[in-house]
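J.: Residue numbers (the working numbering), protein chains in the order written: chain A, 3 to 324; chain B, 3 to 324; chain C, 3 to 324; chain D, 3 to 324.
Ideal Cβ positions, reconstructed from N, Cα and C, are used throughout, including at glycine.
Remember, it's a predicted structure, so these values are computed and weren't measured experimentally.
This structure is in structure tokens; I'll ask about it shortly.
Protein chains: 4
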Amino acid sequence: MATINVALIGHGFMGRAHSNAWRQVGPFFSPRLRPRLRVLCGRSRERAEDAARALGWEQAAADWRAVVERAGVVPMVCHNYRRAPAVMLARRLVEEGRLGAIRHFRGAYLQDWIVDPAFPLVWRLRRESAGSGALGDIGSHTIDLARLLVGEVVEVAGALETFVRERPLPGRPEERGAVTVDDAALALLRFENGALGTLEATRMAPGRRNHLRFELNGSAGSVAFDLKRMNELEVYFHDDPRPVQGFRTVLATDPSHPYVRAWWPPGHILGYEHTFTHTVYDLLEAVADDRLPAPSFHDGARNQRVLAAIEAAARSRSWTPV
Amino acid sequence: MATINVALIGHGFMGRAHSNAWRQVGPFFSPRLRPRLRVLCGRSRERAEDAARALGWEQAAADWRAVVERAGVVPMVCHNYRRAPAVMLARRLVEEGRLGAIRHFRGAYLQDWIVDPAFPLVWRLRRESAGSGALGDIGSHTIDLARLLVGEVVEVAGALETFVRERPLPGRPEERGAVTVDDAALALLRFENGALGTLEATRMAPGRRNHLRFELNGSAGSVAFDLKRMNELEVYFHDDPRPVQGFRTVLATDPSHPYVRAWWPPGHILGYEHTFTHTVYDLLEAVADDRLPAPSFHDGARNQRVLAAIEAAARSRSWTPV
Amino acid sequence: MATINVALIGHGFMGRAHSNAWRQVGPFFSPRLRPRLRVLCGRSRERAEDAARALGWEQAAADWRAVVERAGVVPMVCHNYRRAPAVMLARRLVEEGRLGAIRHFRGAYLQDWIVDPAFPLVWRLRRESAGSGALGDIGSHTIDLARLLVGEVVEVAGALETFVRERPLPGRPEERGAVTVDDAALALLRFENGALGTLEATRMAPGRRNHLRFELNGSAGSVAFDLKRMNELEVYFHDDPRPVQGFRTVLATDPSHPYVRAWWPPGHILGYEHTFTHTVYDLLEAVADDRLPAPSFHDGARNQRVLAAIEAAARSRSWTPV
Amino acid sequence: MATINVALIGHGFMGRAHSNAWRQVGPFFSPRLRPRLRVLCGRSRERAEDAARALGWEQAAADWRAVVERAGVVPMVCHNYRRAPAVMLARRLVEEGRLGAIRHFRGAYLQDWIVDPAFPLVWRLRRESAGSGALGDIGSHTIDLARLLVGEVVEVAGALETFVRERPLPGRPEERGAVTVDDAALALLRFENGALGTLEATRMAPGRRNHLRFELNGSAGSVAFDLKRMNELEVYFHDDPRPVQGFRTVLATDPSHPYVRAWWPPGHILGYEHTFTHTVYDLLEAVADDRLPAPSFHDGARNQRVLAAIEAAARSRSWTPV
């Protein structure tokens with residue numbers, strides 16, 4: 003079996019999720035290319051070495067640029083949520099025409115981890131380190147789902163807000179600094195195919211730990227998805243006989259559902275991290291086939307253009323083309 | 003006991019709902035003023051007479067203007083949904099500060115009765131007879147809830163769409179006419195208190211029969227309401243102990259909840275029409291107290307200005323003050 | 003239109019529910035027989051007279067025997083819950099064979115109004131006044147649903163328990179008396195058609211205000227019902243295509259559903275009291291047709307025999323034929 | 003770091019689940035003892051060798067007895083469901099007295115994998131190979147939860163049923179053989195502490211893929227758990243202020259919840275297999291501490307006695323002590 007060398011940059015929350023995916027893809031999916039976990043990069047070599055040992059990497063490095071320049075790289079953007087089986091089932095229903103022409107997309111990604119004004123000014127709350135706030139961090143995932151399920155966004159209207167404008171500095175709570183990214187972002191979307199959409203991303207929704215929800219309404223049916231019940235897809239078909247019409251709660255744990263055959267029998271649910279394993283599997287299969295995996299850097303750039311258009315629309319206070 | 007004469011204009015769906023409220027308010031609420039159901043108005047006197055007999059009115063009339071000019075009238079706008087006990091419980095929690103400063107309002111009113119393109123061009127689909135489409139018909143109710151729970155809307159962005167632009171004429175299906183109102187309306191809202199909101203009204207959401215849902219996120223808690231489960235309010239308090247934090251499904255059928263004491267013991271749910279009975283009760287109590295009932299015509303005008311601003315914003319493609 | 007004279011015995015919670023049904027059946031269902039609300043009976047003539055005025059009865063009486071002996075009576079047992087549209091939809095699916103052969107019935111009726119040990123020893127907690135506890139009061143309704151949906155119960159095993167054995171006397175809290183009925187009852191059921199069932203009735207389930215839930219599993223499908231969401235029926239068909247199999251949440255508010263045509267358009271829910279109006283309507287129609295309405299006194303007696311068998315089984319500690 | 007040698011018997015569904023747990027426990031939980039995956043046993047050495055390679059074991063063996071006799075073994079029964087964080091949260095609430103005295107346990111484990119009568123006569127459907135049917139296979143897990151949360155079962159009543167009594171032989175569909183275990187089992191339970199319970203295990207519930215649900219009602223509160231939403235626990239406290247009483251949906255993904263700190267930030271759900279990783283972690287910690295892990299073989303024997311009592315009660319048709 004051919005092997006492929008893997009390097010990972012970062013060993014925090016995301017580093018742990020990706021490391022797990024690389025370890026799990028072999029036993030469950032038997033990809034044609036065997037991943038070899040070669041090097042884990044971190045800003046501190048010492049901490050990277052500890053992490054490499056704990057997470058199963060052969061070695062550690064502090065200079066990620068050197069690692070990347072050593073290598074022939076395959077570009078792909080990790081929008082892991084699209085690889086939940088229930089989300090891919092939604093896409094399959096769209097592709098099969100079961101929902102008809104899509105007219106509405108409603109996407110909300112709500113969190114609550116910075117509701118407390120005493121929560122410190124971490125790097126995600128500074129434009130120079132994070133680039134964007136709720137919009138870029140979580141809204142980008144919702145846009146990826148919108149693009150996957152509906153198509154290209156062609157124009158947007160938007161609003162951004164920072165509800166808590168100053169926070170204590172990390173480790174120095176007696177000092178305060180300015181929050182320079184958005185706490186919340188709202189947008190209206192118009193798609194190439196004529197569909198309309200709403201987008202909301204906020205970190206200020208008490209009780210919504212990591213609440214990503216979308217609904218699609220087409221001319222022939224609807225689907226709805228809620229990340230905290232990510233093994234379920236609500237599905238409605240307009241052509242069901244009237245007395246038994248209703249949203250079906252499809253438990254996407256059947257061998258007939260995307261990715262599921264590799265895991266457990268029907269009724270045994272998957273968790274958050276499995277979406278990363280699916281991502282890695284698709285990446286490996288694409289490389290084995292000499293195809294470009296999706297979402298590609300082109301997809302990523304297109305997504306960024308939507309984000310940029312929302313920021314511009316919020317500033318200009320008018321509908322803005324993407 | 004003093005009595006008050008009541009006239010009702012219209013005896014279709016709404017006329018039946020209002021007639022029921024006027025009949026039910028006495029036995030359940032024992033208002034200080036006894037309503038006397040004097041006259042039911044309809045465009046056809048003959049049909050109005052049949053309806054008057056069926057719905058409990060003393061007499062019928064075809065000229066509603068004459069009836070109104072006969073009378074001293076009390077102005078009130080019937081936004082019945084705000085009088086669901088669960089909605090009024092939400093308002094009470096806002097007023098008590100249990101949710102803190104409100105930052106987000108998310109309101110969607112989805113229906114599916116015109117998804118089928120063969121559905122005829124009824125009066126609600128013509129601007130000259132209905133004035134507005136989904137925005138005015140159902141979006142107006144959502145705006146009423148937004149104003150009740152958050153406060154005044156000060157500016158909006160919006161989009162309107164008519165997905166099915168031609169439909170068969172009622173009774174003459176071989177002929178077709180133009181749909182001249184919106185099938186769907188979307189808006190972003192900015193409130194006087196700094197909160198942001200989204201609004202969606204559509205008649206093109208398969209499976210959503212009459213789906214009115216809202217969520218409020220404040221700095222100290224959140225609530226969520228879904229009309230098809232209108233006896234329930236989801237309530238989250240940020241200050242609950244961490245291991246048992248979670249949205250509570252409060253069944254608003256307790257004597258401690260608004261309006262409930264007049265009905266049944268805890269756990270016995272109310273239906274759609276009860277919201278009208280509550281409206282009539284509040285109207286009678288306001289008259290008995292010589293107070294102006296709410297929502298007033300001022301509220302109605304304010305609501306209309308929000309609707310008009312959304313239409314203007316959709317046309318001008320920019321944020322528009324209310 | 004012919005009229006029928008109606009007398010009602012009792013004007014507490016149930017008296018109010020029945021009075022409402024008699025008042026509402028005319029305007030909504032236009033029955034062929036017009037009910038005339040002649041006399042309301044109560045133990046105190048004075049209180050009965052007040053109630054008669056409030057609830058719409060022509061006169062009051064203190065001696066119910068005299069009222070009944072005056073009259074030709076039509077026997078019927080009021081098991082109102084079977085007349086929720088969603089329940090009747092379940093029955094229709096059973097009759098149409100959509101669920102195949104029924105194999106399981108799972109019925110639980112849970113309440114919490116006497117969880118507090120300081121709740122007084124009201125008449126429902128004394129065998130001499132109530133006859134039975136949770137088993138007879140609420141378990142009987144579940145048995146009615148079991149008989150409606152599955153068929154005759156032929157043998158049972160059971161257990162009864164009184165968790166709080168002494169309570170303060172009503173109005174004299176310093177004195178205490180013995181609770182002489184069951185707080186909770188559990189049973190296993192075997193049906194004539196070979197199906198098995200579980201039955202639970204308890205007044206000791208915190209948070210379950212009036213929680214009646216059942217599920218039917220057949221060889222071809224399943225349904226589930228929850229009274230607090232009584233407008234919904236969960237429906238599963240084994241022959242749906244595998245990737246979109248799932249329980250459908252059917253909102254039983256469609257004209258195609260039993261009783262609904264008389265009320266509101268799709269998506270507008272009914273409440274608890276509507277089940278009584280449906281009962282009264284079916285009674286009136288049966289009388290107009292000179293048929294015996296269901297559930298008949300024979301049904302009532304059969305239901306009582308199941309209750310008695312559960313009590314006997316609990317005492318004898320063995321399976322007991324009905 | 004000390005290591006411990008691990009042997010696993012079986013490499014089907016359960017073998018894959020256990021192998022995964024042994025691979026995952028290190029990276030996520032950093033146990034004091036490092037597991038070394040030494041040998042995987044299977045009836046066919048060849049297939050065991052393939053499985054060993056795929057699942058990460060050093061070697062394979064066909065004679066499990068030889069492997070066990072080589073070794074000092076630590077006894078433990080794998081009831082993995084008790085190690086879902088939400089289940090352990092339920093136990094913690096019981097232990098802290100937050101639910102008061104437990105009075106009711108309601109446990110149902112429903113599946114549908116043999117609803118189709120054409121499903122073949124696999125080993126799980128023969129007494130000589132499986133020992134028991136639904137009762138032993140899935141009912142045993144429910145009894146483990148009952149014992150964990152309520153305490154010892156002291157007597158039972160029961161019923162067993164085999165709805166499909168003959169099935170095609172695996173690989174020889176033209177021949178048929180007898181199903182010699184139960185398809186469904188029902189029981190009433192009485193606990194040492196006076197609580198009552200119901201137990202249902204069936205493989206004949208269409209739409210219920212792997213539906214394990216329980217509810218506990220105590221004198222001060224209730225909890226409910228549903229395996230397909232295994233990251234959620236419904237929690238009700240009787241002492242919440244009346245107007246905001248309601249079942250809370252606690253998302254058991256917080257660092258304050260059992261086992262969660264090792265995984266992901268709040269709101270990121272775990273899946274089925276994580277319960278095995280928790281089991282292995284607890285086993286390793288017990289060995290490191292020289293404690294006996296739970297559930298012990300004593301627990302297993304006690305569980306088996308409950309199962310045997312239910313079988314005996316079904317035969318004798320009377321309540322039977324455990």
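Which residues does DSSP pair with alanine 9 of chain C in a beta bridge?
T.: Looking up residue 9 of chain C in the third sequence gives position 7. Alanine 9 of chain C is bridged to C:Val41.
J.: I'd like to know if the region 39 to 54 of chain C and the region 4 to 15 of chain C are in contact, where contact means that at least 3 CB-CB pairs between them fall below 8 Å.
T.: At 8 Å Cβ cutoff, the stretches touch.
J.: Are the beta-carbon atoms of asparagine 233 of chain A and threonine 255 of chain A separated by less than 8 Å?
T.: Taking the first sequence and counting its residues from 1, one reaches residue 233 of chain A at position 231. Taking the first sequence and counting its residues from 1, one reaches residue 255 of chain A at position 253. Yes, the Cβ-Cβ distance between asparagine 233 of chain A and threonine 255 of chain A is below 8 Å.
J.: For valine 246 of chain A, decide whether its Cβ has a neighbour in chain B, counting only Cβ atoms nearer than 8 Å.
T.: Mapped onto the first sequence, residue 246 of chain A falls at position 244. So, not an interface residue.
J.: To the nearest angstrom, how far is the alpha carbon of arginine 129 of chain D from that of alanine 136 of chain D?
T.: Position 127 of the fourth sequence, counting from 1, holds the residue named residue 129 of chain D. Position 134 of the fourth sequence, counting from 1, holds the residue named residue 136 of chain D. Taking the straight line joining both Cα atoms gives about 11 Å.
J.: Identify whether threonine 164 of chain D lies in helix, strand or coil by the three-state DSSP scheme.
T.: Taking the fourth sequence and counting its residues from 1, one reaches residue 164 of chain D at position 162. Threonine 164 of chain D: coil per DSSP, three-state reduction.
J.: Please tell me whether glycine 179 of chain D and leucine 235 of chain D are closer than 8 Å, where the distance is taken between their beta carbons.
T.: Within the fourth sequence, numbered from 1, the residue matching residue 179 of chain D stands at position 177. Within the fourth sequence, numbered from 1, the residue matching residue 235 of chain D stands at position 233. No, these two residues do not count as a Cβ contact at 8 Å.
J.: Would you say threonine 5 of chain B faces chain C, with C-beta separation under 8 Å as the test?
T.: Residue numbering aside, residue 5 of chain B sits at position 3 when the second sequence is read from its first letter. So no, threonine 5 of chain B is outside the interface.
J.: Is the region 159 to 178 of chain B in contact with the region 73 to 84 of chain B, if contact means three or more CB pairs nearer than 8 Å?
T.: No, the region 159 to 178 of chain B is not in contact with the region 73 to 84 of chain B.
J.: Which value, in whole angstroms, describes the spacing of the CA atoms of methionine 90 of chain A and threonine 277 of chain A?
T.: By one-based count along the first sequence, residue 90 of chain A stands at place 88. By one-based count along the first sequence, residue 277 of chain A stands at place 275. C-alpha separation (whole angstroms): 11 Å.
J.: How about glycine 58 of chain A and proline 29 of chain D: do their beta carbons lie closer than 8 Å?
T.: As a working note, residue 58 of chain A is residue 56 in the first sequence. As a working note, residue 29 of chain D is residue 27 in the fourth sequence. Yes, they are a contact pair.
J.: Just checking: is the beta-carbon of histidine 280 of chain A within a distance shorter than 8 Å of some beta-carbon in chain C?
T.: Within the first sequence, residue 280 of chain A is the residue found at index 278, counting from 1. So no, histidine 280 of chain A is outside the interface.
J.: Beta-carbon within less than 6 Å of leucine 112 of chain D's beta-carbon, same chain only, minus the 5 sequence neighbours each way: which residues are those?
T.: Counted from its first residue, the fourth sequence places residue 112 of chain D at position 110. Answer for leucine 112 of chain D: Thr204, Ala207, Arg210, His213, listed in chain order.
J.: For the region 245 to 267 of chain A, which residues have a CB atom closer than 8 Å to at least one CB atom of chain C, in sequence order?
T.: Listed by position along the chain: Pro245, Val246, Gln247, Gly248, Phe249, Arg250, Thr251, Val252, Leu253, Asp256, Ser258, His259.
J.: Helix, strand or coil for aspartate 118 of chain A, going by three-state DSSP, please let me know.
T.: Taking the first residue of the first sequence as position 1, residue 118 of chain A is located at position 116. In the structure shown, aspartate 118 of chain A sits in coil (DSSP, three-state: anything other than H, G, I, E or B).
J.: Could you tell me how far apart the beta carbons of phenylalanine 227 of chain B and arginine 215 of chain B are, in whole angstroms, since I believe they sit closer than 8 Å?
T.: Taking the first residue of the second sequence as 1, we reach residue 227 of chain B at position 225. Taking the first residue of the second sequence as 1, we reach residue 215 of chain B at position 213. About 7 Å separates the two Cβ atoms, so the contact holds.
J.: List, in chain order, every chain A residue whose beta-carbon is nearer than 8 Å to that of valine 237 of chain C.
T.: Start at 1 with the first residue of the third sequence, and residue 237 of chain C comes out as number 235. Val246, Gly248, listed in chain order.
J.: Just verifying my parser: in three-state terms, what is the DSSP assignment at serine 224 of chain D?
T.: Locating residue 224 of chain D in the fourth sequence gives position 222, where the first residue counts as 1. Residue state, collapsed to three classes: strand.
J.: Cβ of glycine 102 of chain D within 8 Å of Cβ of valine 152 of chain D?
T.: Looking up residue 102 of chain D in the fourth sequence gives position 100. Looking up residue 152 of chain D in the fourth sequence gives position 150. No, the Cβ-Cβ distance between glycine 102 of chain D and valine 152 of chain D is not below 8 Å.
J.: Which whole-angstrom value is the C-beta distance of tryptophan 321 of chain D and valine 158 of chain D, which I expect to be below 8 Å?
T.: Stepping through the fourth sequence from its first residue, residue 321 of chain D is reached at position 319. Stepping through the fourth sequence from its first residue, residue 158 of chain D is reached at position 156. Going by Cβ atoms, the distance from tryptophan 321 of chain D to valine 158 of chain D rounds to 7 Å, so yes, they are a contact pair.
J.: Less than 8 Å separating the beta-carbons of valine 69 of chain C and valine 289 of chain C?
T.: To locate residue 69 of chain C, count along the third sequence from 1; it is residue 67. To locate residue 289 of chain C, count along the third sequence from 1; it is residue 287. Taking 8 Å as the Cβ cut-off, valine 69 of chain C and valine 289 of chain C do not qualify as a contacting pair.
J.: Locate the beta strand (DSSP E) running through glutamine 113 of chain D, then write down its first and last residues.
T.: Position 111 of the fourth sequence holds residue 113 of chain D. Looking at the DSSP string, the run of the beta strand (DSSP E) that includes glutamine 113 of chain D is 104 to 113.
J.: With distances taken Cα to Cα, identify the nearest neighbour of arginine 105 of chain C among D:Gly160, D:Ala56, D:Arg149, D:Thr164.
T.: The count along the third sequence starts at 1 and reaches residue 105 of chain C at position 103. Arginine 105 of chain C has its Cα closest to that of D:Thr164, out of D:Gly160, D:Ala56, D:Arg149, D:Thr164.
J.: Bridge partners of glutamate 217 of chain D, per DSSP?
T.: On the fourth sequence, residue 217 of chain D is found 215 positions in, with the first residue counted as 1. DSSP lists D:Arg108, D:Ala226 as partners of glutamate 217 of chain D.
J.: So phenylalanine 107 of chain C and leucine 191 of chain C are in contact, right, with Cβ under 8 Å, and what is the actual spacing, rounded?
T.: Here the question's residue 107 of chain C lines up with position 105 in the third sequence. Here the question's residue 191 of chain C lines up with position 189 in the third sequence. Going by Cβ atoms, the distance from phenylalanine 107 of chain C to leucine 191 of chain C rounds to 7 Å, so yes, they are a contact pair.
J.: My guess is that alanine 23 of chain D and threonine 182 of chain D are in contact by the Cβ rule of under 8 Å, so how many angstroms apart are they, rounded?
T.: Position 21 of the fourth sequence, counted from the first residue, corresponds to residue 23 of chain D. Position 180 of the fourth sequence, counted from the first residue, corresponds to residue 182 of chain D. Going by Cβ atoms, the distance from alanine 23 of chain D to threonine 182 of chain D rounds to 32 Å, so no, they are not a contact pair.
J.: Tell me whether the beta-carbon of threonine 281 of chain A lies closer than 8 Å to the beta-carbon of arginine 85 of chain A.
T.: Here residue 281 of chain A refers to the residue found at position 279 when the first sequence is read from its first residue. Here residue 85 of chain A refers to the residue found at position 83 when the first sequence is read from its first residue. Against a cut-off of 8 Å, the Cβ pair of arginine 85 of chain A and threonine 281 of chain A comes out as a contact.
J.: When DSSP labels each residue in this structure, what does leucine 294 of chain A get in the three-state scheme?
T.: Mapped onto the first sequence, residue 294 of chain A falls at position 292. Of the three classes helix, strand and coil, the one that applies to leucine 294 of chain A here is coil, per DSSP.
J.: What does leucine 285 of chain D pair with, by DSSP beta-bridge criteria?
T.: Position 283 of the fourth sequence, counting from 1, holds the residue named residue 285 of chain D. Beta-bridge pairing links leucine 285 of chain D to no other residue.
J.: For alanine 62 of chain C, name the three-state secondary structure that DSSP assigns.
T.: One-based indexing of the third sequence puts residue 62 of chain C at position 60. Strand, per DSSP.
J.: Compute the Euclidean distance between the alpha carbons of alanine 110 of chain C and threonine 144 of chain C, then round it to the nearest angstrom.
T.: Stepping through the third sequence from its first residue, residue 110 of chain C is reached at position 108. Stepping through the third sequence from its first residue, residue 144 of chain C is reached at position 142. Roughly 7 Å between the two C-alpha positions.
J.: Measuring straight from C-alpha to C-alpha, what distance separates aspartate 292 of chain A and alanine 88 of chain A?
T.: What you label residue 292 of chain A is simply residue 290 of the first sequence in a count that begins at 1. What you label residue 88 of chain A is simply residue 86 of the first sequence in a count that begins at 1. Roughly 27 Å separates the two Cα atoms.
J.: Let me check understanding here. Comparing Cα to Cα, which of D:Arg100, D:Asp65, D:Pro37, D:Glu177 lies closest to tyrosine 241 of chain D?
T.: The count along the fourth sequence starts at 1 and reaches residue 241 of chain D at position 239. Going by the sequence as given, residue 241 of chain D is aspartate instead of tyrosine. Residue D:Arg100 is the option with its Cα nearest to aspartate 241 of chain D.
J.: Taking DSSP's pairing of strands, which residues face alanine 180 of chain B in a bridge?
T.: Within the second sequence, the letter at position 178 stands for residue 180 of chain B. Bridge partners of alanine 180 of chain B: B:Glu168.
J.: Where threonine 251 of chain D and alanine 189 of chain D are concerned, what is the direct C-alpha to C-alpha distance, given to the nearest angstrom?
T.: Counted from its first residue, the fourth sequence places residue 251 of chain D at position 249. Counted from its first residue, the fourth sequence places residue 189 of chain D at position 187. So the alpha carbons of these two residues sit roughly 29 Å apart.
J.: Can you check whether the C-beta of leucine 91 of chain C is within less than 8 Å of a C-beta belonging to chain A?
T.: Numbered from 1 along the third sequence, position 89 holds the residue referred to as residue 91 of chain C. It does; some Cβ of chain A falls within 8 Å.
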